[in-house]
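Q: Take the sequence shown: its position 131, counting from 1, is numbered 139 in this note's numbering, and each next residue is one higher.
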Amino acid sequence: MSFITRSYLNVMPQVKQSSAFSKVKEDHQAELVEDYVEEIADLFESRGEVRSADLAKRFGVSPAAVSKFISRLRSAGLVESEPYRGVFLTPEGKQLAEKVARRHHIVYETLIKMGVPESSAKADAEGIEHHCSEDTVKAMQRYLMLSEE
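1. Cα separation between V145 and V124?
2. For G94, name the three-state secondary structure that DSSP assigns.
3. Comparing alpha-carbon positions, which option in R111, S127, L119 and M153 lies nearest D143?
4. Give me the residue from I136, R82 and S60 with the minimum Cα distance to A73.
5. Using DSSP with H/G/I as helix, E/B as strand and the rest coil, what is V87?
6. Measure the alpha-carbon distance for A105 versus L97 and round it to whole angstroms.
7. Kindly confirm or deny that the segment 112-132 and the segment 78-87 touch, where touching means at least three C-beta pairs closer than 8 angstroms.
8. When the Cα of K121 is compared with those of A64, L152, A38 and S141, which residue comes out closest?
9. On the DSSP letters alone, give me the boundaries of the alpha helix (DSSP H) that H138 sits inside.
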């Protein structure tokens, strides 16, 4: 943690610190949900099935961590899973996966159109997509449509 960050935290009232960290934690959890749902959809489309081991390999985490997160997704109504049968998106999970994929595509294409090298655009789009409001995504979409004319 940098000196500036430590200094800032020392002067922030405790309530604001707690609120700020809670927001960051919630945002990170939302990113993970979106990443998992998007990855499950991609793997299902390419392989016809999704196993926890596939997700663990893709995310570079332990199978136990994947199982724990799949339980959360199941509780949220985004996936169904059965032992030895894999993981499947529910209709709600599919809808979220489509929304995330659309947003990812728009962010990626905008970066490419702006001249960002492909390798950087791929990596950057993965992070940016989670932090764009719907208004920003719509503006990017308009930009892409106008630049094609």
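For glycine and all other residues, C-beta sits at the position ideal for the given N, C-alpha and C.
A: By the coordinates alone:
1. 18 angstroms
2. strand
3. R111
4. S60
5. strand
6. 9 angstroms
7. no
8. L152
9. Looking at the DSSP string, H138 is not in any alpha helix (DSSP H), and its letter there is neither H nor E.
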